[in-house]
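If you read the sequences in order, they're chains A and B. In short: position in the first sequence from 1, add 1, done, that's the working numbering. In short: position in the second sequence from 1, add 5, done, that's the working numbering. No residue lacks a Cβ here, since even glycine has one placed at the ideal position from N, Cα and C. What follows is a set of notes on a single structure, which appears directly below.
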Amino acid sequence: MKKSYRKLLSLALVFVLVLGLAACGKNNSKTTKGNDATGETTTPEATATEAPAETGTDNTAEVVPGWQQHASEKVDLTWYINFSWFTTPWGENLISKTITEETGVNIEFVVPAGNEAEKLNSLIASDSLPDLVTLGWWEPQVGDMIEDGMVYALDELAKEYDPYWFDVADSGRVGWFTQEDGHIYGYPNSSFSPADYEKYDNISSNQTFLVRKDIYEAIGSPDMTTPEGFKAAVKAAKEKYPEVNGQTLIPVGAHEFGATGNTSFDQYLSNFLAIPYEKDGKFYDRYTDPELVRWLKAFRELGAEGYLADDIFIDKRAQMEEKIAQGRYFCMLYQRTDLAEQEKILYANDPNSIYIAVDGPKNSKGDAYTLPGTGINGWTVTMISKNCENPDRAIQLCSYLMSEHGQLMTWLGVEGVTWDYVNDVATMKPEVRELLTKDRAAYDKQYGADSAYWMFQDNAMALKWAVETPEPLGQMERWTYPYVMTTSQYDVTLATGSDEADIQSKVDNEWGIVLPKLLLASSEQEFDSIWSDFIKKRDDFGISKVLDTKTELMNKAKAKLGLK
Amino acid sequence: MSVKRGAGVKQKGNLGRWWNQRYLQFMVLPGLIWMLVFNYIPMGGIIIAFKKFKITKSIAEAPWVGLQYFKEFFQDSNFSDVMINTMGISLLKLFIGFPLPIIFALLINEIRGIKFKKVTQTISYLPHFLSWVVLGGILTTWLSKEGVINDFLVTFHLLKEPVSFLGNPKYFWGVALISDIWKELGWSAILYLAAITSVDQQIYEAATVDGAGKLQKIFYVTLPSITGTIAIMLILQISGLLNSNFDQILILKNQVNISRSQVIDTYVYQVGMSLGKYSYATAVGLFKSVIALFLLLFANKTCKKLLGRSLY
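Here it is in structure tokens:
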């Protein structure tokens, strides 16, 4: 009896001790927080008291950025990024630390571990969206979330909490992303307005025709713009270099074949052949253009003669990347930024074994290429979810990142630490730049500038600070400058669940099956019969209905952009 | 023995027996709750197969559409291909892939050298521990025109010219079957080996005394002793006839062989996950489950009649 009594007593003592410790801990953190705040806030507090008076009295005075007013009040925001490859954490490198210091906002990223759609849909279905959400503008979930009131209207938040937002938001982008109800729910990154295309001549496209430099030069740098020249060049290359480092040469390379086709053989080829997006005021069905058929037939001939290796139909991305790093492809229509890492490896091994951009397939009239650059839609949109408990701080963070100050921070970093003014131009310090070109991972860990946090990257503004991309990547980029055009008005999305979207997905699916069959057809007759079957199937599915709707959407988009 | 025990407790009644075991029964409870929460409650989601479901809205808000998605599946231009492939690959696996591990187990059982037996077994079940994701990468390299398999076949004049095994639809079923056997043969044999080791040695001795040879012992002693295990494995296999190993097919299929590689599981994945048609995908999946249930019942009954053994 006595023993158990003692046991109980000791237990109670331990309990009290633990409680006391916990309380202490809490107290401590509170006091330090308080100290911190008073220490730091001398300037922001002053502005904070001025701010309401300013905004209240008249609009002549400059609007005070919201992030300056609240920098002293620490707050945590969660931020969902719909890209599983995004792994840069917040709070460890220079840039994120500085941003947290300046705005008082600490961020915790939420990134899907595997399939993006799975993660995003489960977040939506369980109503547990993080405070900020960043995803590609083309994702159907964007419209769903807006329609079902899961995200705040940015303009309303800005009006209430941060009028400064209107100063930093680009009016062209705001106009484009404003919905029919007059509100804007998401703000884009990497967006270029058609006006930007007139203003700048160093906007690049990602689409290139690449050849392996040494092989191309060894066969006399032939003209590859016509089907005949192309075929002859491929054959010459294979004959002269049947093997690369002991492995067989793959004469023609391409992107991975997917369920809806192959970007190299449909989209990029169409762009190189300058196939128009519209004809006679109607949305044009580009994949049916005779120029594309003419070139697909040329590729079929190469295939029948054994110059299209099986690898390109079977390989997944990982295998392709390995083969690019080994330099096993002779030529390919490919996204230049997709092989940047492999190009660096080739360059390090032998500067002559790299891939360079040269003139590729042209249409029979020899028209200049029409390569799309990023349009007004940009890449991602960022929205503030209704689950956010501090929408005021979220919108203020957005304004901060959209402002020139924020852009300079995410592009170049902190003045004096990562960059200095050189002849009045903000320039990255050479040793910082060297780390950037040599080891991106280490750079991100230490600094995290150069758009490591790209959610609001404003590529148009950044052209001010842009320096020429160094070799080996620069040549591929510069080659695209003269051919870049904007295709914003044609980036139309069919409403999810609509008949048109259903038909489109059936047609796309069919194309994914038909395209490899066309390229592997053993004779031209076989090609023609596959082709006419495909055209008939599309008509049966109801493709004309889709084209009508797309024409409508295109005209709406043109009106919004102020194009004829 | 079990009859005796049952008779002894009968006087107390089932409740009484349950009460006596209450501490043991209590241990079952967490598992039971887990099953209810994670296996049975989510089944309610099947309802979206009959509704036009949108992820931003709740299931209750979605309008009923009846059997529309089932009809859509039967009219789908992919329907026949998908069904043929699913059945074709599964039947091949049933007729060839099912008996092989049994034969393999019988053969291993006959090996006398303990060391050699162990090594054979280990080698044969090692591939089981590799995931299909890893194996897929290895197999694409091996099966390509320049891969080891073509090299081997051409060197030994079994083939005149190298063949692209994954780049031609007509080889896909064979590749799927053989790679599956190669990966799972040793592992599946373990179960039969376990059953064989539990056979009473005295029966063998008796058979030896009666003058039975090796083959006779296999046919008259070993096989009849493990029919129970075989029957249960067969029932399970038949009920999974429409499950054609999702991982394997997803990894090995590509756009060139898709006409012979798309099966129900990969189709559901493609439609549901990449196109976001959840209702449609659920309908297709439900269709598959219903057929699987009937197959299970059918196989169970047949086995009961023929062998007198069944799952339940």
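Using a 10 Å radius around the Cβ and a threshold of 16 neighbouring Cβ atoms, would you call residue i buried or exposed?
i       : result
I201(B) : buried
Y197(B) : buried
A154(A) : buried
M48(B)  : exposed
P471(A) : exposed
F161(B) : exposed
I46(B)  : exposed
W23(B)  : exposed
P104(B) : exposed
D197(A) : buried
D451(A) : buried
F121(B) : exposed
I38(B)  : exposed
D312(A) : buried
S523(A) : exposed
S530(A) : exposed
M225(A) : buried
V153(B) : exposed
N155(B) : buried
L41(B)  : exposed
Y28(B)  : exposed
Quick one: which chain B residues come within Cβ less than 9 Å of residue i?
i       : result
Q320(A) : G142, T145, T146
Residue i versus chain A: which residues are under 8 Å apart at the beta carbon?
i       : result
M278(B) : N116, A118, E119
G18(B)  : Here the premise fails: no neighbours, minimum Cβ distance about 40 Å.
G49(B)  : In chain order: nothing, as chain A lies at least about 14 Å away.
So which residues of chain B does residue i contact, with C-beta pairs closer than 8 Å?
i       : result
I315(A) : T145, S149, S169, L171, G172, N259, V261
M151(A) : T61
T552(A) : Residues of chain B passing the Cβ test: none, with the nearest at roughly 24 Å.
D312(A) : S149
Write down the C-beta distance between residue i and residue j rounded to the nearest angstrom, noting that I regard them as a contact closer than 8 Å.
i       : j       : result
G172(B) : F314(A) : 6 Å
I237(B) : L163(B) : Not a contact, Cβ separation roughly 38 Å.
V547(A) : E501(A) : 5 Å
S249(B) : I94(B)  : 5 Å
M486(A) : T209(A) : Rounded, the Cβ-Cβ distance is 15 Å, inconsistent with contact.
D627(A) : E257(A) : Residue 627(A) lies beyond the range of chain A shown here (2 to 565); nothing can be said about it.
D77(A)  : I385(A) : About 15 Å; that fails the 8 Å criterion.
R337(A) : N203(A) : Rounded, the Cβ-Cβ distance is 15 Å, inconsistent with contact.
T61(B)  : D149(A) : 4 Å
V226(B) : V261(B) : Not really, about 50 Å apart at Cβ, beyond 8 Å.
G105(A) : A72(A)  : 4 Å
W466(A) : L413(A) : 6 Å
Please list the partners that residue i has in chain A, where partner means a Cβ-to-Cβ separation under 7 Å.
i       : result
Q275(B) : A260
G71(B)  : Under the 7 Å cutoff, chain A gives no residues; its nearest Cβ is about 17 Å from G71(B).
Starting from residue i, trace the alpha helix (DSSP H) in both directions and tell me its first and last residue.
i       : result
A304(B) : 283 to 312
M462(A) : 460 to 463
C399(A) : 392 to 403
V149(A) : With the sequence shown as reference, residue 149(A) is identified as Asp, and Val is not the correct amino acid for it. No alpha helix (DSSP H) contains D149(A), which DSSP labels as neither H nor E.
T125(B) : 119 to 130
Q327(A) : That residue, Q327(A), is in no alpha helix (DSSP H); it is neither H nor E in DSSP.
K258(B) : Where K258(B) is concerned, there is no enclosing alpha helix (DSSP H), given that its DSSP letter is neither H nor E.
M92(B)  : 84 to 97
Per DSSP, residue i forms a beta bridge with which residues?
i       : result
G137(A) : T381(A)
E244(A) : T249(A)
D77(A)  : N107(A)
G187(A) : M384(A)
K331(B) : Any property of residue 331(B) remains undetermined from this structure, which presents chain B solely from 6 to 317.
V212(A) : C332(A), I357(A)
G262(A) : G259(A)
M486(A) : P373(A)
Residue i versus chain B: which residues are under 7 Å apart at the beta carbon?
i       : result
A126(A) : I60
S506(A) : L280
M146(A) : T61
N246(A) : Result: empty, since nearest Cβ-Cβ is about 14 Å, beyond 7 Å.
N122(A) : I60
Just to confirm the assignment, what range does the beta strand (DSSP E) spanning residue i have?
i       : result
Y422(A) : 420 to 423
T428(A) : 426 to 429
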